[in-house]
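What follows is a short report on a single structure.
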Amino acid sequence: MPRYAFFRGAFVPIEEARLSIMAHVVNYGTGCFEGIRAYWNADAAQLYVFRLREHYQRLLRSCRILHIALPYDADELSEITVELLRKEGYREDVYIRPLAYKGSEGIGVRLHDLVDEFAVFAVPFGKYIPKEGGIRACVSSWRRVNDTAIPARAKIIGAYVNSAFSKTEAHLNGFDEAIVLTEDGHVSEGSAENIFLVRNGQLITPPVTDNILEGITRATLMDLARQELGIPTVERRIHRTELYIADEAFFCGTGVELVPIAEVDHRPVGTGEVGPITRRLSDLYGRVVRGQVPAYLHWCTPVYEGA
Ligand code: PMP
1221 MPRYAFFRGA
1231 FVPIEEARLS
1241 IMAHVVNYGT
1251 GCFEGIRAYW
1261 NADAAQLYVF
1271 RLREHYQRLL
1281 RSCRILHIAL
1291 PYDADELSEI
1301 TVELLRKEGY
1311 REDVYIRPLA
1321 YKGSEGIGVR
1331 LHDLVDEFAV
1341 FAVPFGKYIP
1351 KEGGIRACVS
1361 SWRRVNDTAI
1371 PARAKIIGAY
1381 VNSAFSKTEA
1391 HLNGFDEAIV
1401 LTEDGHVSEG
1411 SAENIFLVRN
1421 GQLITPPVTD
1431 NILEGITRAT
1441 LMDLARQELG
1451 IPTVERRIHR
1461 TELYIADEAF
1471 FCGTGVELVP
1481 IAEVDHRPVG
1491 TGEVGPITRR
1501 LSDLYGRVVR
1511 GQVPAYLHWC
1521 TPVYEGA
């Protein structure tokens, strides 16, 4: 359990970081959030937060879309987060959850004339147990929220009902994860992950105009694939049936990291085994996030001084 949160401008014991049932965000989902990971590197005796600033830049973009004005910039938000982690003294992997939301109490759905609040807490994140051989995915009967209704590029709290619908449907039907299509039938993303396919040695991922969250892991993997493996990524629309004929496929995100997709709609992806490009990218990502690849240490914010 975490001991502290940053809440209403101060570090407080976690028990004191409480919202009223009348809070606007509780009633209407009017807020946005981030999911950030920090990785413990035992050799360096250091906790590294992965792409901290980029996550706060995205939070501030979500805020802009939601008419939320925070009194902090991305650097200040990063500093608050590092200070929180230092106070907690974690020596293990951690998941960090910043929230920016309409905190006013009372009835009336809108975005204007409400109090904007920021909070952040962190929880220890035990080792994520990936399905080593890959997961079984299905195409969801739900469609991704459209930019004309609830913009997917903003990480809006209320919009996660859409993710929850597709995730639970997949689970109840015996699958591990859902692949969600846009209203016009193109592959968008997983319930809370971006998706990549490999065809003919090339990476393919849906464009930012197909109602995806503009994932930080997605951007990271595109950089690593190009720079370290010499593999370009094509951002283009993907048909459902391309999922069935891809050589490899994987989901990626801060939470899942990189997880191979073994099967889509009861059809094996490629040979059904984890493919070579997926394997290489996954290994590389695992080392980069933990601060083990010097060329990418600039993506890793150290929490402890003098380590
Ligand atoms: N899509 C959705 C809907 C998500 O919730 C997430 C997780 N934040 C992602 C994609 C992956 O984004 P990131 O790599 O920035 O964590």
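Heads up: take any position in the sequence shown, counting from 1, add 1220, and you land on this note's numbering.
All residues carry an ideal CB built from backbone N, CA and C; glycine is no exception.
Bear in mind that the values here come from a model prediction, so they are computed numbers and not experimental data.
- Ser1383 has its CB nearer than 7 angstroms to a heavy atom of the ligand PMP.
- Proximity of the beta carbon of Gly1473 to the ligand PMP is indicated: a heavy atom of the ligand is located closer than 7 angstroms.
- Taking the C-beta atoms as reference points, Val1509 is found no nearer than 8 angstroms to Tyr1321.
- When the five nearest sequence neighbours on each side are left out, the beta carbons in the same chain lying within less than 7 angstroms of the beta carbon of Tyr1516 are those of Val1508, in order along the chain.
- With contact defined as three or more Cβ pairs closer than 8 angstroms, the segment 1358-1367 and the segment 1238-1255 are not in contact.
- Inter-residue distance for Gly1405 and His1459 is about 7 angstroms (C-alpha atoms, whole angstroms).
- Between the ligand PMP and the CB of Arg1438, the shortest heavy atom gap is smaller than 7 angstroms.
- By the 16-neighbour rule on beta-carbons within 10 angstroms, Thr1521 is buried.
- Between the segment 1369-1378 and the segment 1426-1442 there are three or more C-beta pairs closer than 8 angstroms, enough to call the two in contact.
- The Cβ atoms of Pro1480 and Val1494 lie closer than 8 angstroms to each other.
- Non-local C-beta neighbours of Leu1267 in its own chain, meaning closer than 8 angstroms and more than five positions away in sequence, comprise Ala1258, Tyr1259, Trp1260, Asn1261, Leu1305, Tyr1310, Arg1311, Val1314, Pro1522, Val1523, Tyr1524, ordered along the chain.
- The Cβ-Cβ distance between Gly1249 and Ile1377 falls below 8 angstroms.
- At a cut-off of 4 residues, the continuous stretches assigned as alpha helix (DSSP H) that sit fully inside the segment 1277-1342 are 1294-1308.
- In this structure the segment 1376-1395 does not lie against the segment 1445-1461, because fewer than three pairs of beta carbons, one per stretch, are closer than 8 angstroms.
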